[in-house]
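In what follows, a structure is listed as structure tokens, so that the remarks can point back to it.
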DNA sequence: TCTACAACCTCCCCTAACAGGAGAGTCAAG
DNA sequence: CTTGACTCTCCTGTTAGGGGAGGTTGTAGA
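Chains as they are written, first to last, in this note's numbering: chain H, 1 to 294; chain E, 1001 to 1294.
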């Protein structure tokens, strides 16, 4: 008969842990003094505690260990549990790898030292929505493109004010294609810059003076998208390049983390022209739909 | 102003989590209605919650994130935290790799199907001890070797009974050298099989009739040893081969898990000849000192 | 205007595997 | 007989929230 301290020394399991296992029924003392409640173990129990430790080292939970100990399970069951655990560990390793790539991406950005932008990428789902779509005609000069877009938005605003449009408050600029700087590139393509205005279920197609017929469409949900919030520094100076830079970084981030970016970028205005005319107050989220590597 | 549900939908953080972060002070609502206690967030808070999520994805704790958010920390501090985290993740990955190798070792043993022995290897420290040492002279025949050892042990027992030896109850058979079956091999070396009897601090050298002078020595602690408990099936049939097989498996196990086994094996009798004459009741732990790969 | 029902609130308990500590009883040696 | 080492039973704390009870508030339809 060994007192708990002795058993603890032999097995190199702490007394606290032995108490805990007693409570769980994993290994109960061979004898308990009914007067003092002292626990007494025997050397015959050493194989059992060894077994518990060996299984714990493999990462099995105490609950699973309890099952394995109490019913002598068949070779097949045992194999099944181990295969399961194997898969779990593989999953953990992938997760660790993901985390590592994120940490190292950040470190590289810091090392690059270029007044590094805070790139807080979040993977999220994009909800499906009903929307009115308008394609901004291409312009080779930045100012013209911006002015044109402003005109479109104020036309929409008027329609909203007149009650012609029941919107949901969601306004998204979508840039189709790989192009990063749609307003400044000379060989810009048609139908590249699309404005989506989220609308309620009751909304139907409308015709607006100056920009024409807008029909209602459905945008399907996107399962996985890499997103970042643009900061003030990206927006001030009416610097559209800030938007483009984020998109580039987002793309790089996605690739570095094993995602396959789609061929478009969305800018969701949480607070944009519909809410304020001061660009410094804009809150804009860049969204890059991606495919997962699976 | 966004109610918590709306903010939750935009950020894709559950309401529960937002409550939790509020409590921790990670991100507090811009406004709380003093009457209803409703939390109101603003779109300006989206970058902050994004940042929190991005840092959390890297595996940082909420406490660390809190620190990073509240005091604008320098590039160097940031780099330091990330390097620390990087090291942590590497550690986790090594641990996962260790677990994986254990699980796969077991799976291989099961697949091998050879009435597979339960090999519950536990890594532990071996304590330093004072001991009396006796080298068993080599014998080419199994029975002779065993009989000789029995004689030695009973001589020790007599001495103990006479009070000549103050022992600690610890009896260890050490087999020096790679040899697995010391009793049966023809080219057995001298001074290969050593018996250690742990003794108390007061014990000094003794001279025993029949086996001669035994001096007291110190055995240093072993930092890392792979150990298994021998089972009844290993011990019955007075089958010394069971001992040897465990040693072989122990060695393989150690190598498969990145340890470098030393050139000796110890058998610690938790219950051996000193306690019982019935070999079926023996409780014996095989110990293989190893070096870690670090 | 009444009534659902959705959204929101504040507790409170639960997780896994113990560690730490308080306060009290027990054991062995000097 | 006393000290110091052991042991006991509670109780709390750890991480990052999830689940649910029980109560209030907000909104939309009849």
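Cβ atoms here follow ideal geometry from the backbone N, Cα and C, with glycine treated the same way.
Considering only 262(H), 273(H), 269(H) and 257(H), the residue with the shortest C-alpha distance to residue 122(H) is 257(H). Out of 203(H), 174(H) and 211(H), the CA that lies nearest to the CA of residue 243(H) is found in 174(H). Every unbroken stretch of the beta strand (DSSP E) spanning 3 or more residues and falling wholly within the segment 11-79 of chain H is given here in chain order: 39-41.
Within the segment 1055-1084 of chain E, the residues whose Cβ lies closer than 8 Å to some Cβ of chain H are 1055, 1057, 1058, 1059, 1075, 1078, 1079, 1082 and 1083, listed in chain order. Distances from the alpha-carbon of residue 1152(E) to those of 1126(E), 1118(E) and 1197(E) put 1197(E) closest. Here residue 109(H) carries a helix assignment [DSSP, helix/strand/coil].
Within chain E, no C-beta atom comes less than 7 Å from the C-beta of residue 287(H); the nearest is roughly 12 Å away. CA-to-CA, the gap between residue 1277(E) and residue 1091(E) works out to about 48 Å.
Considering only 85(H), 275(H) and 129(H), the residue with the shortest C-alpha distance to residue 161(H) is 275(H).
Chain order gives no chain H residues near residue 1018(E), where near means a beta carbon separation below 7 Å; the closest approach is about 15 Å. Taken through DSSP and simplified to helix, strand or coil, residue 1135(E) comes out as strand. For residue 283(H), the uninterrupted beta strand (DSSP E) segment begins and ends at 283-291. Remark: C-beta atoms of residue 67(H) and residue 13(H) do not approach each other more closely than 8 Å.
Contact with chain H is absent for residue 1129(E), since none of that chain's Cβ atoms lies less than 8 Å from the residue's Cβ.
For the pair residue 211(H) and residue 134(H), the CB atoms are nearer than the 8 Å cut-off.
Listed in chain order, the alpha helix (DSSP H) elements of length 4 or more contained wholly in the segment 1194-1236 of chain E are 1232-1235.
Relative to residue 289(H), the option among 269(H), 273(H) and 223(H) whose CA is nearest is 223(H). CA-to-CA, the gap between residue 1216(E) and residue 1166(E) works out to about 12 Å. Of all residues in the segment 1248-1275 of chain E, those with a C-beta nearer than 7 Å to a C-beta of chain H are 1270 and 1271, reading in chain order.
Taking 8 Å as the CB threshold, residue 6(H) stays off the interface with chain E. By the Cβ neighbour-count rule, residue 1120(E) is buried, with 16 or more other Cβ atoms within 10 Å of its own. Less than 8 Å separates the beta-carbon of residue 10(H) from that of residue 1270(E). Look at residue 1047(E): its C-beta is under 8 Å from a C-beta on chain H. Going by DSSP, residue 267(H) is part of the beta strand (DSSP E) stretching over 264-271. Contact check for residue 1268(E) and residue 1287(E): beta-carbon distance about 6 Å, within the 8 Å limit, so the pair qualifies. For residue 100(H), the chain E residues whose Cβ falls inside 8 Å of its Cβ are 1086, 1089, 1090 and 1093, in order along the chain. Residue 1280(E) has a beta carbon lying at 8 Å or more from every beta carbon in chain H. Within 10 angstroms of the beta-carbon of residue 1147(E) lie fewer than 16 other beta-carbons, which makes it exposed. Nearest CB-CB separation between residue 125(H) and chain E: below the 8 Å threshold.
At a cut-off of 8 Å between C-beta atoms, residue 1051(E) counts as an interface residue with respect to chain H.
Not a single C-beta of chain E is nearer than 8 Å to the C-beta of residue 39(H). Taking C-beta separations shorter than 8 Å and ignoring five residues to either side along the sequence, the partners of residue 5(H) in its chain run 15, following chain order. Between the alpha carbons of residue 1168(E) and residue 1247(E) lies a distance of about 25 Å.
Under the three-state reduction of DSSP, residue 145(H) is assigned to helix. Here residue 1085(E) is buried, its C-beta having at least 16 other C-beta atoms within 10 Å. If you compare the alpha carbons of 57(H), 105(H), 64(H) and 110(H) with that of residue 1097(E), the shortest gap goes to 57(H).
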